[in-house]
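**Student:** Sharing a structure here in structure tokens format.
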Amino acid sequence: MSGARTPVGSTEGEAAKQTVTISFAGFNRAWAAWIGDRLERRGLRVVYQRWDSPAEVPLVDLLRGLKLAEGRILVIVSEWYFQLGPRSREEWNEALEEVVAPDPSRFAAVSVTTASVPPAAAVLAPVELINMGADEAERRLLDRLGLPSDPVPERAAARRAPRFPASMPEVWGQVPRRNTRFTGRESLLNEAYHLLQNASSGAGVVTFHGMSGVGKTQLAAEYVYRFNSEYDVVWWVNSESRATYRRLLAELAPRLGLNTGQEYGERLRAVRDALRRGDPHARWLLILDGADEPDQIWDMVPTGPGHVIITSRNPEWSEHNSMLLPVPVYERFESVAFLRRRAPRLSEPEADQLAEALEDLPLLLDQTAGWLNDSDLSVEEYIGLLEGGVDQDVVKVSADFPLAFQTAWSILLNKLRETVPESVDLLRLCTFFAPGFIPVRLLREMRSDDLPEQIAGLLDDPLLWNKAINQLRQYSVVRLESHEATGDEGTSSGDSVYLHRMVHQIVHKDMPEGDREEFVDVVRRALVAADPRRPTDTRLWPGYAEIVPHLKYADVLNSRDPGVQGLVLNCLRYMYFSGEYAAGIKLGGRALEAWRRLLGESHPRIWELSFHYVNVLRATGEYARTEALNRAAVEYLREERGPQDLDHLRAASGLAADLRGLGRYDEALELNRWVLTAYKELLGDQDSRTLNARNNVAVSLRLLGAYGEALDLDRQVMEARRTALKGRHPWTLDSQISYATDLRLLGRYGEAESVQAQSVRENRITMGETNPQTLKAEYNLALCHYRNGDRGQAGKLLTSVLERGERVMGETHPWTLMFGCAQSCFARENGDIDQARELSEAIVARYELMFAEGHPFIAGARANQALILRNVGEREHSHVLIEQALAEMTQAVGPDHPWTLGSAVNTSALRNLIGDTEGAAALSRDTVTRAAGTLGRTHPLTLSARIAHAADLRGLRERRQAEKVEQEALSDLEATLGRQHVHTISARSRNRPYWDFEPQTT
627 MSGARTPVGS TEGEAAKQTV TISFAGFNRA WAAWIGDRLE RRGLRVVYQR
677 WDSPAEVPLV DLLRGLKLAE GRILVIVSEW YFQLGPRSRE EWNEALEEVV
727 APDPSRFAAV SVTTASVPPA AAVLAPVELI NMGADEAERR LLDRLGLPSD
777 PVPERAAARR APRFPASMPE VWGQVPRRNT RFTGRESLLN EAYHLLQNAS
827 SGAGVVTFHG MSGVGKTQLA AEYVYRFNSE YDVVWWVNSE SRATYRRLLA
877 ELAPRLGLNT GQEYGERLRA VRDALRRGDP HARWLLILDG ADEPDQIWDM
927 VPTGPGHVII TSRNPEWSEH NSMLLPVPVY ERFESVAFLR RRAPRLSEPE
977 ADQLAEALED LPLLLDQTAG WLNDSDLSVE EYIGLLEGGV DQDVVKVSAD
1027 FPLAFQTAWS ILLNKLRETV PESVDLLRLC TFFAPGFIPV RLLREMRSDD
1077 LPEQIAGLLD DPLLWNKAIN QLRQYSVVRL ESHEATGDEG TSSGDSVYLH
1127 RMVHQIVHKD MPEGDREEFV DVVRRALVAA DPRRPTDTRL WPGYAEIVPH
1177 LKYADVLNSR DPGVQGLVLN CLRYMYFSGE YAAGIKLGGR ALEAWRRLLG
1227 ESHPRIWELS FHYVNVLRAT GEYARTEALN RAAVEYLREE RGPQDLDHLR
1277 AASGLAADLR GLGRYDEALE LNRWVLTAYK ELLGDQDSRT LNARNNVAVS
1327 LRLLGAYGEA LDLDRQVMEA RRTALKGRHP WTLDSQISYA TDLRLLGRYG
1377 EAESVQAQSV RENRITMGET NPQTLKAEYN LALCHYRNGD RGQAGKLLTS
1427 VLERGERVMG ETHPWTLMFG CAQSCFAREN GDIDQARELS EAIVARYELM
1477 FAEGHPFIAG ARANQALILR NVGEREHSHV LIEQALAEMT QAVGPDHPWT
1527 LGSAVNTSAL RNLIGDTEGA AALSRDTVTR AAGTLGRTHP LTLSARIAHA
1577 ADLRGLRERR QAEKVEQEAL SDLEATLGRQ HVHTISARSR NRPYWDFEPQ
1627 TT
């Protein structure tokens, strides 16, 4: 922050006569901005000059240089101003007496600190601005400068102003304490500020990128404190995993005053929407700390008028709408200045020598200087230890950590063992949680009887706890945070310990085996105690989001404890319901491998785990793989336990789902009906497993084109689930989507749209706007809009659903392909043939990779592709492809299936187009007969076939019969859909109807 600004309402000449140069330490930038704004509003010209104090320049010379500034010099007095360099009090006293005392009228000062400053600073005659309100502070400022305190001009008063620095932003959450030892980085802070201020709305995203230990988090925290006066909302989010990020972002909802329920998804959606709109606050700042995996969260980064700062070791953020700002190690002068402030006993040459040995890495400088200042060890002796190395059997860390860090840490750990051994126990225990914020709250909530003696004593004794924590803090091993309470649970002081990943890894490896076994068992039990135990309840998802990152570090997969295994299963189910499929596949695969080795191939836990793991796999389209896994389970369990065994029935239900995915719908229906009968006999009609089985029968019926039967079953299941599970249970909401889909497929478009609109609202509130189930609900609503003739709403929603589907689930996910299929058909009929063709070709190619030849989805996608080829004039190719698709679809699902009938409608049209009028008429006549038998005479697909047949009759010059068929079809269209419905109007205009293949969820 430097330079001058001409104030509002003053001429250039007046400004030149009334110039004030504000001299301030970077640490006090917010005060400089507020003071400058107060003066500018009163017509003064303000020059901002950040005070720097290079150690090699005499302080007297620096002050003489300051006297060359324009106008009166206003010094913002704080301990920071006098510590830069660093400089001793004696230096300051001598310089102030020599330079300022002879000409005190050139200087004025305000004090923004209660800390002691050099005695000679009294020559500046500072007035205090702290511990008072903004109005009194402004009055004192003006009085010190001899300026009148008249009201400011109306035009100037209306200008947006920086907030008074002593008042916090309206919303402030999760921000670490300010590091009062922060040093240097001025150019990085200023560059970040200008990048964000000059960014257009929605593009204000900067990533601090650099290696571990370089100080990215500290830099972000300092940015917050320096510039927070320009924001109304500042929210810090630990972003090491997608689940944690979503949980912490959702916690912002009540702080913004958003009217939401307790549902996780509703809060998350409301927060992102509020930030995007800038309502209630447009000046917001989010810090996403530790976001090392952009692929996990980039789609969830809010856009809008505010700003986002990301800290990450991953430079790939530059590919995701973020400006990259590399954070290097300290420059040498910064290292020296930091070391001399952290360890005042060090001379400048000693600090320089130590900085070189420690490779200017900020974290290492901080830890080493902290204990070296309390030690009798000289710098030369310490460097000798570094150069001599340590026992490499004791300390083994990742190769990407500097060797100096490995050696220096070993020295520090020995120091901790000698002084406060309890701190080492605490540190080791924390390494069985994930690095970053350690939820020691979970440990303190455990019964003392469940803890090892030394840990129980530590947690039960506040004095011992504080002693251990303070020792770790003193040496910068951990950071202790006292975040204000958020959501329904508060956190008390000391319940959030931050452990850097470099420290985490080296401590974890440097641990006796006995401690390792004891400590990992403690953390496992803490996680089990924190398990909400209801992974289908979206209100409890934040609890799972907090637990999941720690599973790996607590080595839960190698535990034989049933409680720990139950936690793993619940976390896997949470990942399935929340749509975190990639994480679920990783956890499930590793768990299956570990448990087979630990428990044996046929242990009951194996079958339970397999079921949930296969569910996640199937959700991503791995049908052949899941079919093999489930078939093996079904055969083994039937042989060993009998067909009525509940584990066998569950595996058989999963196998039926696999068969549906593979396009084997008749087999799936037969198996689903057998499972339903068995569950009814064993558990009764209203058990949740019986309802799930009835739901699965409906899915198979829908895939077979038996929409009426599916509707009846889905209605039964929906109503039963509302009673048994309540309205916002994920399964109840899914039943509502199925019911609305059945209505639409039966041509009851108005009813379908009404039900589906309500379903979309409920899913957005409960599941969140990016949950796969919400996307499925929105997709069906888009198709309802489309079938009802509202192309505008349909197009917007289809585009949005496809975009989010690709981000959240990936381009090859079965549901993403389903969304893309609809978008391609929409684009074909609404003028974007290039997009339609590009999407269609990609879908066909992906289905050919995903499924075996002969799968109905491949045939359907080819049928859609044929219509695009027709539109671009490739008639012969189009005709060949549609004939192939019709034959394949007939072979796959039979001649009377709606998909076959739809393919036939398109085939007759293309036969007509190439001049085969007799073949077209014969096919459309047969299609009308079959459609009427399968779907009914007034179903929209049957009506389309009748209108198409009338066109084919006209091609044969059978005009009288064509007229009769057409008028009867038009009459039925008007009665069924209405006179003004888009399909009725199109048919009346003699536009030949076409059918779009629509893949269904399996």
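Taking our numbering, the leading residue of the sequence shown gets 627, the next gets one more, and so forth.
Cβ atoms here follow ideal geometry from the backbone N, Cα and C, with glycine treated the same way.
With distance defined between alpha-carbon atoms, name the residue in R1054, T1392, T1602 and W1441 nearest to W1357.
**Tutor:** As a first step, residue 1357 must be located in the sequence shown, where it is residue number 731. Nearest option by C-alpha distance: T1392.
**Student:** Name the two residues that bound the continuous alpha helix (DSSP H) containing P1188.
**Tutor:** Working through the sequence shown from its first residue, we reach residue 1188 at position 562. P1188 to S1204 is the span of the alpha helix (DSSP H), which, as asked, contains P1188.
**Student:** From the DSSP secondary-structure annotation, give me the bridge partner or partners of T833.
**Tutor:** One-based indexing of the sequence shown puts residue 833 at position 207. According to DSSP, T833 bridges with I936 and L950.
**Student:** Could you name the residues of the same chain whose beta carbon sits closer than 7 Å to that of L1308, not counting the 5 residues immediately before and after it, in chain order?
**Tutor:** Indexing the sequence shown from 1 puts residue 1308 at position 682. So the list reads Q1270, once near-sequence residues are dropped.
**Student:** Any idea if R811 is buried or exposed, counting beta-carbon neighbours within 10 angstroms, 16 or more meaning buried?
**Tutor:** Walking along the sequence shown from the start, residue 811 turns up at place 185. Flag for R811 reads buried.
**Student:** Is it the case that the segment 1517-1529 contacts the segment 1537-1548, given that we only count it when at least three CB pairs across the two stretches are under 8 Å?
**Tutor:** No: fewer than three Cβ pairs fall under 8 Å.
**Student:** Counting C-beta neighbours from all protein chains within 10 Å, is the total for H1126 16 or more, i.e. buried, or is it exposed?
**Tutor:** On the sequence shown, position 500 is the one that residue 1126 refers to. Under this definition H1126 is a buried residue.
**Student:** Along the chain, where does the alpha helix (DSSP H) containing I1573 start, and where does it finish?
**Tutor:** Reading the sequence shown from its first residue, position 947 is the one you call residue 1573. Segment P1566 to G1581, the alpha helix (DSSP H) holding I1573.
**Student:** For F733, write down the residues that DSSP places opposite it in a beta bridge.
**Tutor:** Counted from its first residue, the sequence shown places residue 733 at position 107. DSSP lists I699 as partners of F733.
**Student:** Can you list, in chain order, the residues of its chain whose CB lies under 7 Å from that of S1049, leaving out five sequence neighbours each side?
**Tutor:** Start at 1 with the first residue of the sequence shown, and residue 1049 comes out as number 423. Counting only Cβ-Cβ distances below 7 Å, and skipping sequence neighbours, we find L1042, A1094, Q1097 and L1098.
**Student:** By DSSP, does S973 sit in helix, in strand, or in coil?
**Tutor:** Numbered from 1 along the sequence shown, position 347 holds the residue referred to as residue 973. DSSP places S973 in coil when its eight states are reduced to three.
**Student:** What does DSSP give as the partner residues of N885 in its beta bridges?
**Tutor:** Here residue 885 refers to the residue found at position 259 when the sequence shown is read from its first residue. Paired residue(s): none; N885 is not in a bridge.
**Student:** Just how far apart, CA to CA, sit L1263 and T1555?
**Tutor:** Sequence index remark: in the sequence shown, residue 1263 carries index 637 (1-based). Sequence index remark: in the sequence shown, residue 1555 carries index 929 (1-based). Roughly 46 Å between the two C-alpha positions.
**Student:** Note the first and the last residue of the continuous beta strand (DSSP E) segment covering N864.
**Tutor:** Here the question's residue 864 lines up with position 238 in the sequence shown. Its beta strand (DSSP E) spans residues V859 to N864.
**Student:** Using C-beta distances below 7 Å, list every residue in its chain close to N654, excluding the 5 sequence neighbours before and after it, in chain order.
**Tutor:** For the purposes of this step, residue 654 is taken as residue 28 along the sequence shown, with counting starting at 1. Excluding positions up to five away in sequence, the list reads I702, S704, W706 and V738.
**Student:** Taking all protein chains shown into account, decide if H820 is buried (16 or more other Cβ within 10 angstroms of its Cβ) or exposed.
**Tutor:** Counting from one through the sequence shown, the residue named residue 820 turns up at place 194. Burial call: exposed.
**Student:** Run through the DSSP bridge pairs and tell me what D915 is partnered with.
**Tutor:** Reading the sequence shown from its first residue, position 289 is the one you call residue 915. Note: D915 sits in a beta bridge opposite N864.
**Student:** So the alpha helix (DSSP H) Q1593 belongs to, where does it begin and stop?
**Tutor:** If you number the sequence shown from 1, residue 1593 lands on position 967. Counting along the chain, the alpha helix (DSSP H) containing Q1593 begins and ends at R1585 to T1602.
**Student:** What whole-angstrom Cβ distance do D1051 and I1009 have, given they're in contact under 8 Å?
**Tutor:** Here residue 1051 refers to the residue found at position 425 of the sequence shown. Here residue 1009 refers to the residue found at position 383 of the sequence shown. About 30 Å; that fails the 8 Å criterion.
**Student:** Considering V673, what are the terminal residues of the beta strand (DSSP E) in which it resides?
**Tutor:** On the sequence shown, position 47 is the one that residue 673 refers to. Start and end: R671 to R676.
**Student:** Are the segment 1617-1627 and the segment 1445-1452 touching by the rule of at least three beta carbon pairs closer than 8 Å?
**Tutor:** Judged by Cβ distances under 8 Å, the segment 1617-1627 makes contact with the segment 1445-1452, as three or more pairs qualify.
**Student:** Would you kindly work out how many angstroms separate the C-alpha atoms of I1573 and L1512, rounded to a whole number?
**Tutor:** Position 947 of the sequence shown, counted from the start, is the residue given in the question as residue 1573. Position 886 of the sequence shown, counted from the start, is the residue given in the question as residue 1512. Taking the straight line from one Cα to the other gives about 20 Å.
**Student:** Exposed or buried, what is P730 when buried is set at 16 or more other beta-carbons lying within 10 Å of its beta-carbon?
**Tutor:** As a position in the sequence shown, residue 730 is number 104, starting the count at 1. Burial call: exposed.
**Student:** Which of the three DSSP states is assigned to G772 in this structure?
**Tutor:** As a position in the sequence shown, residue 772 is number 146, starting the count at 1. It is coil, neither helix nor strand.
**Student:** Going by DSSP, name the residue or residues bridged to G1062.
**Tutor:** Reading the sequence shown from its first residue, position 436 is the one you call residue 1062. Looking at the DSSP assignment, G1062 forms a beta bridge with L1125.
**Student:** Just tell me which of Q1191, Y1200, D1163 and L1213 has its CA closest to the CA of K1178.
**Tutor:** Working through the sequence shown from its first residue, we reach residue 1178 at position 552. It is L1213.
**Student:** Throw me the rounded Cβ distance for the H679 and L710 pair, which I believe falls under 8 Å.
**Tutor:** Sequence index remark: in the sequence shown, residue 679 carries index 53 (1-based). Sequence index remark: in the sequence shown, residue 710 carries index 84 (1-based). The question names His, yet the displayed sequence has Ser at residue 679. Between L710 and S679 the Cβ distance is about 4 Å, and since that is below 8 Å, they are a contact.
**Student:** Taking 8 Å as the threshold, find out whether the segment 867-874 comes into contact with the segment 840-847 through three or more Cβ pairs.
**Tutor:** Counting Cβ pairs under 8 Å, fewer than three are found: no touch.
**Student:** Here's a check: name, in chain order, each residue in its chain whose Cβ is nearer than 7 Å to the Cβ of S948, leaving out the five neighbours to either side.
**Tutor:** Counted from its first residue, the sequence shown places residue 948 at position 322. Answer for S948: V831, V832, T833 and I936, listed in chain order.
**Student:** Between the alpha carbons of T645 and Y849, how many angstroms are there, rounded?
**Tutor:** Here residue 645 refers to the residue found at position 19 when the sequence shown is read from its first residue. Here residue 849 refers to the residue found at position 223 when the sequence shown is read from its first residue. Going by the C-alpha atoms only, they are around 28 Å apart.
**Student:** Helix, strand or coil: how does DSSP classify E1115 here?
**Tutor:** Counted from its first residue, the sequence shown places residue 1115 at position 489. Residue confidence is low: E1115 scores 38 on pLDDT, short of 50, so the model does not pin down where it sits. No coordinate-derived value is stated.
**Student:** If you compare alpha carbons, which of H1411, Q1491 and G1062 is closest to V1608?
**Tutor:** Position 982 of the sequence shown, counted from the first residue, corresponds to residue 1608. Residue H1411 is the option with its Cα nearest to V1608.
**Student:** Below 7 Å between beta carbons: does that hold for S1326 and V1301?
**Tutor:** By 1-based counting over the sequence shown, the position of residue 1326 is 700. By 1-based counting over the sequence shown, the position of residue 1301 is 675. Going by C-beta atoms, S1326 is not nearer than 7 Å to V1301.
**Student:** What do you get for T647, buried or exposed, if any count of 16 or more other CB atoms within 10 angstroms of its CB means buried?
**Tutor:** Here residue 647 refers to the residue found at position 21 when the sequence shown is read from its first residue. Buried is the call here.
**Student:** Rounded to whole angstroms, how far is the Cβ of H1439 from the Cβ of T1246, which I believe are closer than 8 Å?
**Tutor:** By one-based count along the sequence shown, residue 1439 stands at place 813. By one-based count along the sequence shown, residue 1246 stands at place 620. So it is a contact: roughly 6 Å between Cβ atoms.
**Student:** For a quick check, are the C-beta atoms of A1420 and A1408 less than 7 Å apart?
**Tutor:** Residue numbering aside, residue 1420 sits at position 794 when the sequence shown is read from its first letter. Residue numbering aside, residue 1408 sits at position 782 when the sequence shown is read from its first letter. Taking 7 Å as the Cβ cut-off, A1420 and A1408 qualify as a contacting pair.
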